[in-house]
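Mapping of the sequence shown onto the numbering used here: position 49 corresponds to residue 544, and the numbering continues sequentially without gaps. Ideal placement from N, C-alpha and C gives every residue a C-beta, glycine not left out.
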Amino acid sequence: MGGGVVLSLGNLASQYAFAFVGLSVTEVITASITVVIGTRLNYFLDGKINRAEILFPGVGCFLIAVCLGSAVHSSNTADNKVKLSNLSSDYNAGSVGMFKMNEVKGGSPYGVQTYTGGDGSRQPTKLELEQAFHQGKYIATITKRLKKE
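Listed below in C-alpha coordinates is the structure:
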(Lines of atoms letter the chains of each structure in order from A and count residues from 1; the text may use other names and numbers.)
(Lines give C-alpha, C1' and ligand atoms only; values in the text may rest on other atoms or scores of the structure.)
Protein backbone atom coordinates (compact mmCIF):
# COMPACT_ATOMS: atom_id res chain seq x y z
CA MET A 1 0.00 0.00 0.00
CA GLY A 2 2.81 2.38 0.83
CA GLY A 3 4.34 1.78 -2.61
CA GLY A 4 1.06 2.68 -4.31
CA VAL A 5 0.81 5.94 -2.38
CA VAL A 6 4.38 6.85 -3.33
CA LEU A 7 3.71 5.92 -6.97
CA SER A 8 0.58 8.09 -7.04
CA LEU A 9 2.46 11.03 -5.57
CA GLY A 10 5.19 10.53 -8.16
CA ASN A 11 2.65 10.55 -10.99
CA LEU A 12 1.05 13.71 -9.62
CA ALA A 13 4.44 15.41 -9.34
CA SER A 14 5.28 14.38 -12.92
CA GLN A 15 2.06 15.89 -14.26
CA TYR A 16 2.78 19.21 -12.55
CA ALA A 17 6.36 19.10 -13.81
CA PHE A 18 5.17 18.55 -17.41
CA ALA A 19 3.05 21.69 -17.12
CA PHE A 20 5.79 23.86 -15.64
CA VAL A 21 9.08 22.81 -17.26
CA GLY A 22 8.19 20.59 -20.23
CA LEU A 23 8.88 17.02 -21.21
CA SER A 24 12.65 17.10 -21.75
CA VAL A 25 13.45 18.42 -18.27
CA THR A 26 10.81 16.32 -16.51
CA GLU A 27 12.04 13.04 -17.98
CA VAL A 28 15.62 13.71 -16.88
CA ILE A 29 14.59 14.65 -13.36
CA THR A 30 12.22 11.68 -13.04
CA ALA A 31 14.89 9.26 -14.22
CA SER A 32 17.42 10.80 -11.86
CA ILE A 33 15.16 10.53 -8.85
CA THR A 34 14.29 6.95 -9.75
CA VAL A 35 17.92 5.90 -10.08
CA VAL A 36 19.26 7.75 -7.05
CA ILE A 37 16.50 6.91 -4.59
CA GLY A 38 15.74 3.47 -6.04
CA THR A 39 19.29 2.17 -6.06
CA ARG A 40 20.09 3.42 -2.59
CA LEU A 41 16.84 2.08 -1.16
CA ASN A 42 17.44 -1.23 -2.91
CA TYR A 43 20.95 -1.35 -1.48
CA PHE A 44 19.74 -0.92 2.07
CA LEU A 45 16.81 -3.34 1.68
CA ASP A 46 18.92 -6.08 0.07
CA GLY A 47 22.23 -5.40 1.77
CA LYS A 48 23.60 -8.93 1.35
CA ILE A 49 23.20 -8.98 -2.45
CA ASN A 50 24.45 -5.55 -3.49
CA ARG A 51 28.03 -4.35 -3.42
CA ALA A 52 28.50 -0.72 -2.43
CA GLU A 53 31.83 -0.33 -4.22
CA ILE A 54 30.02 -0.84 -7.54
CA LEU A 55 26.66 0.73 -6.75
CA PHE A 56 27.57 4.15 -5.38
CA PRO A 57 30.12 5.17 -8.06
CA GLY A 58 27.52 4.23 -10.68
CA VAL A 59 24.95 6.49 -9.04
CA GLY A 60 27.57 9.26 -8.88
CA CYS A 61 28.32 8.90 -12.59
CA PHE A 62 24.61 9.03 -13.34
CA LEU A 63 24.25 12.27 -11.36
CA ILE A 64 27.17 13.80 -13.25
CA ALA A 65 25.53 12.78 -16.55
CA VAL A 66 22.27 14.41 -15.47
CA CYS A 67 24.07 17.65 -14.59
CA LEU A 68 25.86 17.67 -17.95
CA GLY A 69 22.58 16.96 -19.76
CA SER A 70 20.95 19.85 -17.95
CA ALA A 71 23.82 22.14 -18.96
CA VAL A 72 23.43 21.12 -22.60
CA HIS A 73 19.67 21.71 -22.42
CA SER A 74 20.10 25.23 -21.02
CA SER A 75 22.77 25.98 -23.63
CA ASN A 76 20.43 24.85 -26.42
CA THR A 77 17.61 26.96 -25.00
CA ALA A 78 19.82 30.05 -24.93
CA ASP A 79 21.01 29.32 -28.47
CA ASN A 80 17.42 28.98 -29.72
CA LYS A 81 16.45 32.30 -28.13
CA VAL A 82 19.34 34.05 -29.89
CA LYS A 83 18.46 32.45 -33.23
CA LEU A 84 14.80 33.40 -32.95
CA SER A 85 15.57 36.98 -31.92
CA ASN A 86 17.76 37.43 -35.00
CA LEU A 87 15.02 36.63 -37.50
CA SER A 88 14.32 39.54 -39.76
CA SER A 89 10.97 41.28 -39.58
CA ASP A 90 10.57 40.36 -43.25
CA TYR A 91 10.26 36.71 -42.24
CA ASN A 92 6.49 36.91 -42.31
CA ALA A 93 6.65 37.54 -46.04
CA GLY A 94 2.99 37.45 -46.93
CA SER A 95 1.56 39.57 -44.18
CA VAL A 96 2.00 42.96 -45.85
CA GLY A 97 -1.32 44.68 -45.22
CA MET A 98 -2.99 41.35 -44.60
CA PHE A 99 -4.44 42.21 -41.22
CA LYS A 100 -6.14 45.44 -42.22
CA MET A 101 -9.86 45.00 -41.79
CA ASN A 102 -11.11 48.00 -43.78
CA GLU A 103 -11.65 46.19 -47.11
CA VAL A 104 -12.45 42.78 -48.55
CA LYS A 105 -9.32 41.05 -49.78
CA GLY A 106 -7.90 37.65 -50.57
CA GLY A 107 -4.48 36.32 -49.77
CA SER A 108 -2.63 34.53 -47.05
CA PRO A 109 1.02 34.11 -46.02
CA TYR A 110 1.06 31.01 -48.24
CA GLY A 111 -0.07 32.61 -51.48
CA VAL A 112 -2.00 35.45 -53.05
CA GLN A 113 -5.57 35.06 -54.21
CA THR A 114 -8.46 37.38 -54.96
CA TYR A 115 -12.21 37.24 -54.69
CA THR A 116 -13.48 37.66 -58.22
CA GLY A 117 -17.22 37.47 -57.81
CA GLY A 118 -19.46 35.04 -59.64
CA ASP A 119 -18.68 36.34 -63.12
CA GLY A 120 -15.02 37.27 -62.55
CA SER A 121 -15.67 40.99 -62.89
CA ARG A 122 -13.96 42.05 -59.66
CA GLN A 123 -10.37 43.15 -60.26
CA PRO A 124 -7.57 42.83 -57.65
CA THR A 125 -7.28 45.79 -55.32
CA LYS A 126 -4.12 47.82 -54.83
CA LEU A 127 -3.49 46.00 -51.54
CA GLU A 128 -3.83 42.57 -53.19
CA LEU A 129 -1.40 43.61 -55.92
CA GLU A 130 1.07 44.85 -53.28
CA GLN A 131 0.82 41.49 -51.51
CA ALA A 132 1.42 39.61 -54.75
CA PHE A 133 4.44 41.78 -55.58
CA HIS A 134 5.91 41.41 -52.09
CA GLN A 135 5.48 37.62 -52.06
CA GLY A 136 6.87 37.29 -55.58
CA LYS A 137 9.92 39.33 -54.63
CA TYR A 138 10.42 37.19 -51.53
CA ILE A 139 10.12 33.91 -53.48
CA ALA A 140 12.58 35.22 -56.10
CA THR A 141 15.10 36.00 -53.34
CA ILE A 142 14.76 32.51 -51.88
CA THR A 143 15.05 30.92 -55.33
CA LYS A 144 18.21 32.90 -56.05
CA ARG A 145 19.75 31.70 -52.77
CA LEU A 146 18.83 28.08 -53.52
CA LYS A 147 20.32 28.33 -57.00
CA LYS A 148 23.71 29.35 -55.53
CA GLU A 149 23.84 26.20 -53.41
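Out of Asn571, Glu548 and Pro552, the CA that lies nearest to the CA of valine 520 is found in Asn571.
Approximately 6 Å separates the beta-carbon atoms of serine 509 and threonine 525; this is inside 8 Å, confirming the contact.
Between phenylalanine 557 and valine 530, the C-beta spacing is below 7 Å. Arginine 640 and leucine 579 have their C-alpha atoms roughly 21 Å apart. By the Cβ-count criterion, alanine 627 is buried, with 16 or more other Cβ atoms from all chains shown falling within 10 Å of its own Cβ. The Cβ atoms of glycine 564 and valine 523 sit closer than 7 Å to each other.
For the 7 Å CB-CB criterion, valine 561 and serine 527 form a contact. Counting along the chain, the unbroken alpha helix (DSSP H) around serine 527 starts and ends at 518-540.
In the structure shown, serine 616 adopts coil according to DSSP, grouped into three states.
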